[in-house]
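In our numbering, the protein residues as written are 15 to 388. The next block holds one structure in the form of structure tokens; read it before the comments.
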Amino acid sequence: MKFAGLAARKAAAFGASVAALAALTAGLAAGPAQAATAAKGGPKVSASAPKATPGKYEGSCPVKVNFSAKIKVSVKGKTELAYRWLHGDGSKSKVKVIKLTGKGTKTVTVKQSITFKEDVKGWEAVQVLGPKKYTSKKGYFAVSCEAEEPKVDIHVPSAPSVSARAWANPDTYVGECTPGDKIDFTGLIKVDEPSWVKYRWVLNGDVVDYGKIKVYDVRKVGFGLSPRDSHRGWAQLEVLRPDHVSSNRAYYKVWCKDPAPAPVTKVSASSLVTATNHDGCKVGAHATVSATGAAKVQWTWSVNGTSVAKGETVFGGAASQTVTLSELPLTGDAVKGGDVALTVTGPNNAETITQKYVACNLPAPASDPSATTK
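If you want it as structure tokens, here you go:
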């Protein structure tokens with residue numbers, strides 16, 4: 015039985031083996047000590063039947079089969095182990111020599127590999143040529159090559175091409191972290207053919223939104239962030255179908271600031287004008303009362319330090335109002351002129367303004383008609 019790939023090298027291997035064996039034989043003949051040892055039985059030599067891996071092969075070819083065997087030889091001093099492989103087609107390998115030293119029984123594992131391109135059943139054996147001739151039992155193997163199935167070109171349509179991009183608006187937020195979106199994230203999904211697209215938004219590693227939409231060319235998707243505290247992070251748009259792609263990371267910053275304190279409402283009085291009515295010697299006045307925000311405002315009119323009238327009004331926001339002091343008759347020293355004051359009082363402050371009034375022009379006393387000139 016012939017091995018595929020071995021017939022071509024049979025003659026060369028045989029010639030090389032003969033030459034090596036002749037050289038080895040010549041060396042043995044030159045050593046009288048070894049000849050004497052051989053006469054007494056010589057060293058002990060044995061070899062196991064080669065083992066093929068795989069031993070039985072079925073599949074595509076070419077295939078490489080590995081062979082190994084163990085040679086045991088008793089050694090005393092320096093010994094040369096010479097061996098060769100015997101093939102089932104009648105050919106032999108080159109002679110190989112291994113130098114051994116020491117004392118006692120040595121075990122040597124020898125190996126070879128053969129590549130087969132077609133069906134074959136055969137055997138391999140190991141032949142020891144020195145220091146003593148010994149041939150192992152045959153190790154059998156089989157190779158069964160299966161014909162390759164013809165390749166079928168199956169056209170699988172490619173998935174639509176998808177791309178995604180994301181950004182934050184604004185990418186930096188400074189202000190009150192009250193409920194409500196402070197940063198909007200927008201994503202742009204683009205396809206090369208109309209497709210249903212399944213996507214999700216990932217915020218700092220957590221999925222926060224997802225959806226499924228029909229994209230014909232380009233379409234925007236997004237979500238809003240309502241921050242609770244100061245931090246920085248990123249958001250990313252991931253497309254899950256028809257292809258798995260991820261956008262760039264849209265980075266952002268949040269700086270939460272406490273709201274500015276509400277302004278304190280202040281009240282004030284201005285534009286005080288007094289008027290003296292000489293007919294009956296009376297004084298009156300008017301002025302403007304103002305508030306910078308919602309407040310209840312009270313006011314008091316005083317003439318020469320004496321309270322003479324009061325009033326109040328409620329402002330829903332920043333506003334002004336004109337208040338009036340009705341004419342009051344003047345008596346005593348008040349007819350000679352004096353001061354009119356307006357005091358306004360609010361929830362957070364009070365203010366007083368003063369304005370002088372002029373004296374009354376009293377008529378001259380009438381003459382006594384009963385008086386006679388003497």
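Ideal placement from N, C-alpha and C gives every residue a C-beta, glycine not left out. Because the structure is a prediction, the values reported are computed rather than measured.
Residue i to residue j span [Cα, whole Å]
i: K16; j: W137; result: Below a pLDDT of 50, predicted positions are generally treated as unreliable, and K16, at 44, falls in that range; the measurement from the model is reported next regardless. So the two alpha carbons sit approximately 11 Å from each other.
i: L114; j: V134; result: 36 Å
i: N262; j: A276; result: 42 Å
i: G91; j: Y97; result: 19 Å
i: A301; j: C191; result: 45 Å
i: V211; j: A182; result: 22 Å
i: P193; j: F237; result: 15 Å
i: G319; j: G331; result: 31 Å
i: R214; j: D272; result: 33 Å
i: E132; j: P76; result: 7 Å
i: D257; j: L239; result: 27 Å
i: P174; j: R255; result: 9 Å
i: A63; j: K84; result: 8 Å
i: Y154; j: S105; result: 16 Å
i: H325; j: T357; result: Position check: residue 325 holds Gly in this sequence, whereas His was assumed. C-alpha separation (whole angstroms): 11 Å.
i: V268; j: D243; result: 7 Å
i: G351; j: A323; result: 19 Å
i: K151; j: K78; result: 22 Å
i: G189; j: Q312; result: 38 Å
i: C374; j: G360; result: 35 Å
Cβ pair residue i, residue j closer than 8 Å
i: T366; j: A355; result: yes
i: S284; j: S316; result: no
i: T279; j: T306; result: yes
i: I197; j: P184; result: yes
i: A66; j: L100; result: no
i: V89; j: F130; result: no
i: A249; j: A264; result: yes
i: K146; j: P57; result: yes
i: E160; j: G247; result: no
i: K234; j: T200; result: yes
Local conformation of residue i per DSSP, three classes
i: D198; result: strand
i: D347; result: helix
i: A274; result: coil
i: K228; result: strand
i: H300; result: strand
i: T39; result: With a pLDDT of 38 at T39, under the threshold of 50, the predicted position of this residue should be treated as unreliable, and no value is reported.
i: T359; result: strand
i: R263; result: coil
i: K108; result: coil
i: K161; result: Looking at the sequence provided, one finds Ala at residue 161 rather than Lys. Of the three classes helix, strand and coil, the one that applies to A161 here is coil, per DSSP.
i: A323; result: strand
i: A63; result: coil
i: G19; result: Note on G19: pLDDT 42, under 50, position unreliable in the model; the coordinate value appears next. G19 falls in the coil class under three-state DSSP.
i: V140; result: strand
Identity of the residue in the options nearest residue i by Cα
i: Y371; options: L342, A364, D257 and T357; result: L342
i: S340; options: G201, A289 and G346; result: A289
i: S127; options: P174, P68 and Q141; result: P68
i: L217; options: N362, E207, G194 and H245; result: H245
i: V111; options: L143, Y224, K120 and T119; result: L143
i: D353; options: G116, V297, S62 and P361; result: V297
i: K310; options: C295, F329 and A323; result: F329
i: K117; options: K86, V124 and G189; result: K86
i: T93; options: K228, P361, E326 and V59; result: V59
i: S282; options: G351, V268, G225 and A364; result: A364
i: V287; options: T368, G189 and G201; result: T368
Cβ neighbours of residue i in the same chain (closer than 6 Å, five flanking residues each side left out)
i: S334; result: T302 and S304
i: Y266; result: A182, D185 and I197
i: Y230; result: P208
i: K396; result: Outside the displayed range of the chain (15 to 388) lies residue 396, so it cannot be described from this structure.
Chain-order list of residues whose beta-carbon lies under 8 Å from that of residue i (same chain, five-residue window excluded)
i: V259; result: V176, S177, A178, E252 and V253
i: D223; result: R214, W215 and F237
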